[in-house]
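S.K.: Note that the UniProt record's numbering numbers the sequence shown so that position 199 is 199, with each residue one more than the last.
Just so you know, even glycine gets a beta-carbon here, dropped at the ideal spot from N, CA and C.
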Amino acid sequence: MDWTADKVRAAVEDMRRYGDDFVSVEAKRADGGLPESLSETVCAFANMPGGGVILLGVDQHDGFAISGVRQPNVLAQGLVDRTRATVDPAPHVVTSSVEIEGVSVVVAEVRPVHPSLRPAEVDGVAYLRQGDGDYQMNANDLRLLEIDKLLFREQVPGELRPVAGTSREDLDGDLTGAYLGSIRRRSRRLGALSSDDDLLRTVGVLTKDGELTVAGLYGLGYYPQGRLPSLSVTAAVRLDRGRGPARTRNLTHFEGPVPQMLTDVVDWIAANTGTEQAYREDGHMEQRPEFPGRAIRELVANALVHRDLGPASLDEPGRHVDVRVHNDRMVITSPGGLRGVSVEQLESTEVHTAEVNQRLYQLMKYAVTPDGSRVVEGEGGGIREMFDSVREAGLARPRLFDNGVKFTVMLPRKRRFTADDEKALERRFPGTDLSAIQKTVILAGDAGETWTPERVVEEFSPLDRESARREIEWLREHGYLETASTPLSPANDRDTGPSSSFPQEQSAGPDEQPVPSSTGRGIDRIPTNQQLVMEALVAGPLNFAGIVDGTGLTQGQARYAVNKLIEAEAIEMVGGQGSRRTFYRVKPES
């Protein structure tokens, strides 16, 4: 990954908002040289499936302030040398220096060591990235890594292990009957098997000796938790500190086969999160859940179906799927990390599929929930749909985190847009159904940020190519994107990157035209908000309140636009700062 100042700022903002819990990035001050704990952090990232990133020159203990480092090249080389000397086996580390806010930040990307070589160690101790720091691996963590190495070498599927003492009598009759009917209708090959037992053996529900497999018991069993208690879900509302001795509310344990637990957990989340009033297309109000139903269903189904089913997880108490609703976020955690796919691939524009439990996944393509819905669609685009639905619901971007031992999804409960944002956008684009991407870029441009087509794709992936092209064309047409050849940003045409990889027309859009002033001067390709202010002042001088009322901008947007126009010597302030008599006017020609 090519690190830029914008990417460093985005990573720092994530750490400020969420702490270190859900980002594979570690911040270290490093103004006095390499931190003592650096080797342990490198080791922990090396043991993660996706590695991690260390930012030297960001002070975690000062609100993640960007403090910078001296001699970044010397520091970067020292980091590589220390890694080779102290971490065994030493991971590959790629370093770069980024100039930001007048100082240098060293970015160190730690690549994961090969699964067959894990765990990496420092002085004989293996470390794991967990929560907000680097922790020594316990015996069960090390056992999980050994199981992973065995699976990597021999591809032994834990889901096909027989569950001793079970038989077809332990299956849920109604659920199994519905499954058999569905698969016979949809698979000509399997439908040709006249014996139900033969079909169940063929798909991996039964072993040749008639015992249930882990996948069969978990997917279609009447009470899987009787044999394997870890095949359950625990959910609770986490209470803030200071609200009494209780730490949780509505603690619930879910049992039964996958289809039943999916329905029950989705219902529990709906009951324990909020609702909002929203307008339908016909103009009537309706109550909508805080989180889109299809996004929640996708995440819960993934947690259930793709959880680790190996002996290290099932034999260890407490390794169940966990749902926690916090005041500012909801967190869904499943045992075991990703297999055959990385977080980066899940968040990319391409569709990547890698079933952790292939037989269970195929089983759930034909199984149905109590309301008759399929457990999984089997098309491979569920994660993309989850991101899309959350984004269009106006919520902040979900975060995915994989440390090899567990996979975590965090859904912020923070809305992308305030009520003032929505009102301002409606005044400027009346009757226009703006997408969440369009709203985000417009508001960010108002605040002075520069956006390129590449940044749109990167910030909002996974996006399919057509959706990305459609969003980019609209934003360019309205003057909210810049490229190297055609600067169109509401950030005074600052060039921050290469041109778009999408074919673009070079003709100017309506928002790029010079705006006439009373003096006959124009401002080339003036940003939209500055254009609104300029148009208001062409009609005559206004105080600040008059500018806000006349343009429909928020106070922050108007203030930014006014300051930029003053810097460009297009307008001037008459009167003192903060005086009610102060007004603004188009600057006369000298």
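#1: Nearest by alpha-carbon distance to residue 10: which of 55, 51, 38 and 50 is it?
#2: Contact check, residue 230 vs residue 319 under 8 Å by CB: the rounded distance?
#3: Can you give me the C-alpha to C-alpha distance between residue 586 and residue 452, rounded to a whole angstrom?
#4: For residue 182, which residues in the same chain have their Cβ closer than 6 Å to its Cβ, ignoring the five residues on either side in sequence?
#5: DSSP beta-bridge partners for residue 253?
#6: Of the choices 402, 438, 398 and 443, whose alpha-carbon is the least far from that of residue 418?
#7: If you draw a straight line from the C-alpha of residue 291 to the C-alpha of residue 76, how long is it?
#8: From the DSSP output, in three-state form, read off residue 453 for me.
#9: Could you name the residues of the same chain whose beta carbon sits closer than 8 Å to that of residue 179, not counting the 5 residues immediately before and after it, in chain order?
#10: Among residues of its own chain, excluding the 5 on either side of residue 211, which ones have a beta-carbon nearer than 8 Å to its beta-carbon?
#11: Going along the chain, which residues of its own chain have a beta-carbon closer than 6 Å to the beta-carbon of residue 602, five neighbours each way excluded?
#12: Pull the bridge partners of residue 93 from the DSSP assignment, please.
#13: Should residue 302 go down as buried or exposed, given a rule of 16 or more other Cβ atoms within 10 Å for buried?
#14: Is there a Cβ from chain C that is less than 8 Å from the Cβ of residue 118?
#15: Throw me the rounded Cβ distance for the residue 395 and residue 416 pair, which I believe falls under 8 Å.
#16: In angstroms with no decimal places, state the Cα-to-Cα distance between residue 446 and residue 122.
#17: If we call anything under 8 Å between Cβ atoms a contact, is residue 104 one with residue 68?
#18: For residue 562, which of helix, strand or coil comes out of DSSP?
#19: Compare the beta carbon distance of residue 461 and residue 276 with 8 Å and say whether it is the shorter of the two.
#20: Answer with buried or exposed for residue 47, where buried requires no fewer than 16 other C-beta atoms within 10 angstroms of its C-beta.
#21: Just tell me which of 373, 557, 437 and 191 has its CA closest to the CA of residue 388.
#22: Which value, in whole angstroms, describes the spacing of the CA atoms of residue 223 and residue 258?
#23: Residues in its own chain within less than 6 Å of residue 60 by CB, not counting five upstream and five downstream?
#24: Looking only at its chain, what residues have a beta carbon closer than 6 Å to the beta carbon of residue 70, apart from the 5 residues adjacent to it on each side?
#25: If I'm right that residue 533 touches residue 558 with Cβ under 8 Å, what's the distance once you round it to whole angstroms?
#26: CB residue 110 to CB residue 42, shorter than 8 Å?
#27: Given that a residue counts as buried once 16 or more other Cβ atoms are within 10 Å of its Cβ, and exposed if not, what is residue 251?
#28: Give the range of the alpha helix (DSSP H) segment to which residue 259 is assigned.
#29: Look at the alpha carbon of residue 158 and the alpha carbon of residue 341, and state the distance between them as a whole number of angstroms.
#30: Between which two residues does the beta strand (DSSP E) holding residue 541 run?
#31: Counting along the chain, where does the alpha helix (DSSP H) carrying residue 295 start and finish?
#32: Which of helix, strand or coil does DSSP assign to residue 136?
#33: Report buried or exposed for residue 327, applying the criterion of at least 16 other Cβ atoms within 10 angstroms of its Cβ.
#34: Quick one: which unbroken alpha helix (DSSP H) runs of 4-plus residues sit fully inside the stretch 361-393? Chain order, please.
#35: With DSSP as the reference, please indicate the residues paired to residue 330 in a beta bridge.
#36: Tell whether a beta-carbon distance below 8 Å holds between residue 66 and residue 101.
M.R.: Looking at the atomic coordinates:
#1: 55
#2: 5 Å
#3: 31 Å
#4: 366
#5: 234
#6: The residue from 402, 438, 398 and 443 with its alpha-carbon nearest to that of residue 418 is 443.
#7: 43 Å
#8: helix
#9: 220, 363, 366, 367 and 368
#10: Taken in chain order, the residues that qualify are 162, 163, 164, 165, 166 and 167.
#11: Nothing in the structure corresponds to residue 602, since the chain is present only between 1 and 590.
#12: 110
#13: buried
#14: You won't find chain C in this structure, because it holds only one protein chain.
#15: 7 Å
#16: 48 Å
#17: yes
#18: DSSP, read as helix, strand or coil, puts residue 562 in helix.
#19: No, these two residues do not count as a Cβ contact at 8 Å.
#20: Note on residue 47: 16 or more other CB atoms within 10 angstroms of its CB, so buried under the neighbour-count rule.
#21: Distance from the Cα of residue 388 is smallest, within the candidate group 373, 557, 437 and 191, for 437.
#22: 10 Å
#23: The residues 27, in chain order, have a CB closer than 6 Å to that of residue 60 in the same chain once the five nearest residues on each side in sequence are set aside.
#24: none
#25: About 7 Å separates the two Cβ atoms, so the contact holds.
#26: yes
#27: By the 10 Å Cβ count, residue 251 comes out exposed.
#28: 258-272
#29: 18 Å
#30: Here residue 541 belongs to no beta strand (DSSP E), and DSSP marks it neither H nor E.
#31: 293-305
#32: strand
#33: By the neighbour-count rule (16 or more Cβ atoms within 10 Å), residue 327 is not buried but exposed.
#34: 382-392
#35: 325 and 411
#36: yes
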